[in-house]
Amino acid sequence: MSDDVLVSARGLEVHFPIGRGGLRRKPAGLLRAVDGVDLDVLRGETLGLVGESGCGKSTLGNALLRLVPSTGGSITFDGTDITGLEGRGLKELRRRAGMVFQDPFASLDPRRTVAQTVAEPLEVHGLRKGRDKAARVAELLELVGLDPAVAGRYPHEFSGGQRQRVGIARALAGEPDFLVCDEAIASLDVSVQAQVLNLLRRLQRRLGLTLLFISHDLSAVRHISDRIAVMYLGRIVEIGPASAVGSDPQMPYTQALLSAVPLPHPALERQRERIVLRGDVPSPAAVPSGCRFRTRCPYVFEPCDDVDPALQPAGAPGQQAACHLHGVVGTPATADAEGLTAHP
Amino acid sequence: MSAPTPVLEVEDLRVRLRTPRGPADVVNGLSYSVGPGETVAVVGESGSGKSVSVLALLGLLPRGVATVTGRALLQGEDLLTMPPERLRQVRGPGAGMVFQDPMTSLNPVLTIGRQLVEGLRAHSDMDKAAARRRAAELLGEVGLPDPDGALDRYPHELSGGMRQRVIIAIALSNSPALLIADEATTALDVTVQAQIIDLVEKLQADHGTGVIWITHDLGVVAGIADRVLVMYGGRCVEDGTVDDVLEHPAHPYTRGLLGALPDLAQPAVDGVVPDLATVPGTPPAPTDLPPGCVFWPRCPVRGDARCETEQPPLVQIGPSSGALPHRAATWCTETSALGTESSGEAR
Chain W
133 MSDDVLVSAR GLEVHFPIGR GGLRRKPAGL LRAVDGVDLD VLRGETLGLV
183 GESGCGKSTL GNALLRLVPS TGGSITFDGT DITGLEGRGL KELRRRAGMV
233 FQDPFASLDP RRTVAQTVAE PLEVHGLRKG RDKAARVAEL LELVGLDPAV
283 AGRYPHEFSG GQRQRVGIAR ALAGEPDFLV CDEAIASLDV SVQAQVLNLL
333 RRLQRRLGLT LLFISHDLSA VRHISDRIAV MYLGRIVEIG PASAVGSDPQ
383 MPYTQALLSA VPLPHPALER QRERIVLRGD VPSPAAVPSG CRFRTRCPYV
433 FEPCDDVDPA LQPAGAPGQQ AACHLHGVVG TPATADAEGL TAHP
Chain Z
579 MSAPTPVLEV EDLRVRLRTP RGPADVVNGL SYSVGPGETV AVVGESGSGK
629 SVSVLALLGL LPRGVATVTG RALLQGEDLL TMPPERLRQV RGPGAGMVFQ
679 DPMTSLNPVL TIGRQLVEGL RAHSDMDKAA ARRRAAELLG EVGLPDPDGA
729 LDRYPHELSG GMRQRVIIAI ALSNSPALLI ADEATTALDV TVQAQIIDLV
779 EKLQADHGTG VIWITHDLGV VAGIADRVLV MYGGRCVEDG TVDDVLEHPA
829 HPYTRGLLGA LPDLAQPAVD GVVPDLATVP GTPPAPTDLP PGCVFWPRCP
879 VRGDARCETE QPPLVQIGPS SGALPHRAAT WCTETSALGT ESSGEAR
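Heads up: the sequence lines are chains W and Z, in that order.
Be aware that the first sequence starts at 133, since it is given in our numbering, and climbs by one per residue.
Be aware that the second sequence starts at 579, since it is given in our numbering, and climbs by one per residue.
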């Protein structure tokens with residue numbers, strides 16, 4: 133199995149101190165954006181990561197790429213521990229693992245031409261020079277479906293979808309193995325979303341890329357992913373094959389999330405039972421004891437208060453859910469008062 | 579949905595904006611009506627004129643830049659010819675509006691209570707205490723926990739979903755006959771979106787409010803709308819009951835939109851997820867609309883000689899399942915039925 137794993141996190145934590153202001157130096161609290169994540173991204177797969185805003189999915193994506201420092205746990209990339217990587221090693225990681233950002237209007241430098249933007253990774257990593265470089269830029273633009281003739285233009289001359297293509301070309305410049313797409317289609321119109329989704333799928337197949345596709349749009353994630361991971365309050369609460377998680381979710385949170393996705397079929401919509409969750413997501417600065425979903429869960433029962441559920445097999449082969457409904461497995465909550473426990 | 583006097587009746591609404599690149603025809607002859615308790619969804623891509631068309635109704639477009647013509651009767655009174663003072667009285671008890679972004683449509687330096695009370699007192703002779711009691715009631719009605727406490731809180735203390743509830747409470751504070759929601763749930767998570775939609779449907783059932791729901795999310799439309807109006811290039815290219823338009827789309831553009839949607843209900847064919855159908859190109863610039871069918875430059879069908887040169891009228895096509903006619907503005911409903919269905923599904 134381990135040969136098939138490209139990126140792996142064990143007990144990964146990203147905690148931010150909050151309320152550190154003025155003259156007082158002591159942080160008033162701890163925001164647990166990512167709070168003990170075990171995750172394997174398999175070589176060549178598209179892993180979809182879904183969850184509501186504030187669940188920590190973007191922070192997790194950033195942490196896997198070492199774009200935010202982790203405060204606990206470890207990250208492995210292609211067999212190497214990259215948790216504390218620095219210098220040349222980190223630079224090589226930057227080449228091998230790229231990012232496509234959400235907002236194509238903010239993630240491109242308005243003063244640089246498309247060619248300059250796409251060529252920058254080539255220069256930084258000393259990959260191509262002179263005429264080779266121009267040829268590679270043209271090749272990359274063609275790869276993402278842009279006319280190489282547009283290389284001399286500036287971002288403002290492009291539509292949102294075209295800009296997102298430029299962002300993808302830039303991310304592909306260093307021939308990465310791993311690409312994190314963080315809400316890469318969120319700001320685009322439906323028809324343009326479809327173009328970008330098709331493009332990502334085509335590129336993934338053609339270049340053998342491994343994708344982490346972060347989105348709050350379950351329909352899009354279901355469409356593009358081989359496996360889906362569901363995140364809630366800094367933790368992966370369900371993971372499994374896209375078909376299984378998408379049609380037979382085992383964790384009550386996933387069930388509620390899926391039932392809330394509106395479907396474009398009026399007849400189906402009318403007869404659908406929607407599981408409406410009570411209240412808002414609790415603050416990641418005050419994570420509930422035991423199961424973190426228990427404050428909104430319709431099935432809450434006794435062990436949920438005291439035992440923090442671990443992921444365990446449930447449903448289809450390869451599917452796992454962190455829920456006591458499938459048997460009480462996990463860490464008793466009492467020891468976890470001030471982050472005293474190291475995650476196993 | 580037939581017969582009762584409509585809350586809103588829009589006839590041949592046109593909006594022209596003055597821009598540096600010449601006059602832009604953003605809305606070009608829009609006609610529709612909203613009955614009491616009815617929800618009309620207006621769908622289309624960005625730039626199709628959805629938002630401008632409702633901003634024009636409420637006189638919220640900058641004067642001197644926008645020229646609005648046509649008729650828009652709100653309970654019999656024409657909004658477009660109304661003097662500004664009368665319009666101000668109408669916004670509120672006549673028509674409430676919920677904007678897209680819950681983060682920016684509340685005043686950050688005033689408490690929630692103050693913002694609600696302001697709206698209430700502007701349209702009635704309620705005293706402060708009564709208005710405050712009514713405000714707390716309204717917050718309770720939209721499902722805000724601890725309504726009394728919420729009155730003294732500032733917008734930044736509330737989550738996005740809670741803020742959107744406050745905005746809906748403000749829009750509903752004077753029991754308007756018409757509620758306009760412009761991408762009201764777009765910025766929210768699906769779980770919160772479901773809560774808000776349930777809320778609007780409940781309030782609508784209680785008060786008989788007519789709703790215009792502007793969105794680009796066809797899933798939301800399927801859940802909430804009675805009637806759908808598809809806009810493209812400032813025109814209505816298709817309208818009818820929600821079942822007719824979503825289940826039997828006639829216009830190539832509507833078909834394109836539906837085909838481009840990843841569908842959670844039917845994702846895989848023999849374990850293989852097919853690519854999505856796409857609509858190539860971008861919507862036309864309102865300064866430079868094509869002379870024929872507005873969709874012609876991007877249309878995969880183009881099945882008629884008139885497509886390029888002659889504007890298709892909005893006419894009834896085929897049988898309709900409901901009381902409303904199913905209409906589309908296209909020269910080629912027949913050919914398109916064959917054309918994009920196959921390419922859309924199979925590709």
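Here a beta-carbon is modelled for each residue, glycine too, at the ideal position from N, C-alpha and C.
CA nearest to the CA of residue i, picked from the options
| i | options | result |
| --- | --- | --- |
| W:D438 | W:I407, W:T203, W:H456, W:R244 | W:H456 |
| Z:G648 | Z:G674, Z:A783, Z:V588, Z:R712 | Z:V588 |
| Z:V668 | Z:A828, Z:H701, Z:K706 | Z:H701 |
| Z:H826 | Z:P840, Z:V806, Z:P862 | Z:V806 |
| W:G176 | W:A399, W:I356, W:A352 | W:I356 |
| Z:E623 | Z:T659, Z:W909, Z:G859, Z:L902 | Z:G859 |
| Z:P671 | Z:D795, Z:I748, Z:D760, Z:I792 | Z:I748 |
| Z:V808 | Z:L854, Z:M704, Z:Y610 | Z:Y610 |
| W:H257 | W:A238, W:R220, W:A247, W:P464 | W:R220 |
| Z:T662 | Z:L636, Z:L722, Z:P878 | The identity of residue 662 of chain Z in the sequence shown is Pro, whereas the question assumes Thr. Measuring from the Cα of Z:P662, the nearest candidate turns out to be Z:L636. |
| W:P398 | Z:G797, Z:R880, Z:H829 | Z:G797 |
| Z:M681 | Z:H734, Z:C910, Z:L777 | Z:H734 |
| Z:P891 | Z:A901, Z:R876, Z:W909 | Z:W909 |
| W:C313 | W:E218, W:L192, W:E224, W:V461 | W:L192 |
| Z:R884 | Z:A907, Z:P862, Z:Q894 | Z:A907 |
| Z:P861 | Z:L835, Z:G642, Z:D767 | Z:L835 |
Identified DSSP bridge partners for residue i
| i | result |
| --- | --- |
| W:T342 | W:F310 |
| W:L174 | W:V137 |
| W:E145 | W:D167, W:G204 |
| W:C429 | DSSP output for W:C429 lists no bridge partner at all. |
| Z:L595 | Z:A602, Z:A644 |
| Z:C910 | Note: Z:C910 sits in no beta bridge, so no partner. |
Chain-order list of residues whose beta-carbon lies under 8 Å from that of residue i (same chain, five-residue window excluded)
| i | result |
| --- | --- |
| Z:G615 | Q782, A783, G786, T787, G788 |
| Z:L854 | G837, A838, L839, P840 |
| Z:D804 | M579, E616, T617, V618, T819, V820 |
| Z:M704 | L698, R712 |
| W:E405 | S391 |
| W:L162 | H147, F148, P149, I150, A417, G471 |
Same chain, Cβ closer than 7 Å to residue i, neighbours up to 5 away in sequence not counted
| i | result |
| --- | --- |
| Z:P869 | T887 |
| W:P303 | It should be pointed out that residue 303 of chain W corresponds to Ala in this sequence rather than to Pro. The answer, listed in chain order, is G230, M231, V232, L311. |
| Z:A713 | G691, L694, V695, L698, L729 |
| W:Q254 | Strictly speaking, residue 254 of chain W in this sequence is Leu, with Gln absent from that position. So the list reads R260, K265, R268, A305, once near-sequence residues are dropped. |
| Z:A800 | V820, L824 |
| Z:R710 | G691, V695, L729 |
| W:Q336 | T178, L343 |
| Z:T597 | T865 |
| W:L225 | R198, F209, I214, L217 |
| W:D136 | L174, R175 |
| Z:S683 | F677, I745 |
| W:G277 | R297, L331 |
Same chain only: Cβ atoms within 6 Å of residue i, ignoring 5 sequence neighbours per side
| i | result |
| --- | --- |
| Z:D821 | S899 |
| Z:A650 | V588, L635, L657, L658 |
| Z:T763 | Q771, I774 |
| Z:V744 | I690 |
| Z:I746 | V676, V720 |
7 Å Cβ cutoff, residue i in contact with chain W
| i | result |
| --- | --- |
| Z:E623 | yes |
| Z:Q678 | no |
| Z:D767 | yes |
| Z:Y610 | no |
| Z:D817 | no |
| Z:L764 | Reading off the sequence, residue 764 of chain Z comes out as Thr, not Leu. So no, Z:T764 is outside the interface. |
| Z:S737 | yes |
| Z:P890 | no |
| Z:G856 | The identity of residue 856 of chain Z in the sequence shown is Thr, whereas the question assumes Gly. It does: the Cβ of Z:T856 has a partner Cβ on chain W nearer than 7 Å. |
CB contact below 7 Å: residue i versus chain Z
| i | result |
| --- | --- |
| W:V322 | yes |
| W:A160 | no |
| W:A318 | no |
So, does the stretch 408-421 of chain W touch the stretch 814-831 of chain Z, judging by three or more C-beta pairs under 8 Å? Too few Cβ pairs lie closer than 8 Å, so no.
For the stretch 138-148 of chain W against the stretch 196-212 of chain W, do three or more pairs of beta-carbon atoms, one drawn from each stretch, fall closer than 8 Å, so that the two count as touching? Touching, yes, given that three or more Cβ pairs across the two stretches are closer than 8 Å.
At a Cβ cut of 7 Å, what residues of the stretch 286-315 of chain W count as close to chain B, listed as they run along the chain? Of the protein chains in the structure, W and Z, none is chain B.
Is the stretch 348-367 of chain W in contact with the stretch 175-191 of chain W, if contact means three or more CB pairs nearer than 8 Å? Yes, since at least three Cβ pairs between the stretch 348-367 of chain W and the stretch 175-191 of chain W fall closer than 8 Å, the two stretches touch.
How do the stretch 288-298 of chain W and the stretch 320-338 of chain W stand: do at least 3 beta-carbon pairs fall below 8 Å, yes or no? Output reads yes: the stretch 320-338 of chain W touches the stretch 288-298 of chain W.
Are there three or more Cβ pairs, one per stretch, closer than 8 Å when the stretch 430-449 of chain W is compared with the stretch 199-206 of chain W? In short, these stretches do not touch, since the Cβ pair count stays below three.
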